[in-house]
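Engineer: In full-length UniProt numbering, the protein residues as written are 1 to 96. Where a beta carbon is used, it is the ideal one built from N, C-alpha and C, also for glycine. Remember, it's a predicted structure, so these values are computed and weren't measured experimentally.
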């Protein structure tokens, strides 16, 4: 692999990262809506059944070689989203 090839690959990774951030921002907007719903309806932040189902569904989309990596990635996403939900709910409770 030449230096130019590495540079081009890194540029592609940067483009993908930008797309991922845009999508993550959209996901977080939905997470905030979920948090408001859960707060209004007295539901807990953590839904183990849902979380396991989401992770399994995403792992089913990929080749066996990367199932573990996808599971870890989705777990990190879910953990971050739970923190965001907790922050939203905390702000809602402080405002009342």
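Using C-beta distances below 7 Å, list every residue in its chain close to residue 82, excluding the 5 sequence neighbours before and after it, in chain order.
Structural biologist: The answer, listed in chain order, is 45, 46.
Engineer: Between which two residues does the alpha helix (DSSP H) harbouring residue 83 extend?
Structural biologist: Start and end: 67-94.
Engineer: Under three-state DSSP, which class holds residue 14?
Structural biologist: Residue 14: helix per DSSP, three-state reduction.
Engineer: Using the beta-carbon count (16 or more within 10 Å), is residue 85 buried or exposed?
Structural biologist: Label assigned to residue 85: buried.
Engineer: Please state if the CB of residue 40 and the CB of residue 89 are separated by a distance shorter than 8 Å.
Structural biologist: Cβ atoms of residue 89 and residue 40: not closer than 8 Å.
Engineer: Taking the continuous alpha helix (DSSP H) assigned at residue 48, which residues delimit it?
Structural biologist: First-last of the alpha helix (DSSP H) with residue 48: 48-60.
Engineer: Quick one: what does DSSP say residue 9 is sitting in, helix, strand or coil?
Structural biologist: The answer is helix: DSSP assigns residue 9 an H, G or I state.
Engineer: So which of 79, 9, 5, 30 has the shortest CA-CA distance to residue 48?
Structural biologist: When each option's Cα is compared against that of residue 48, the closest is 79.
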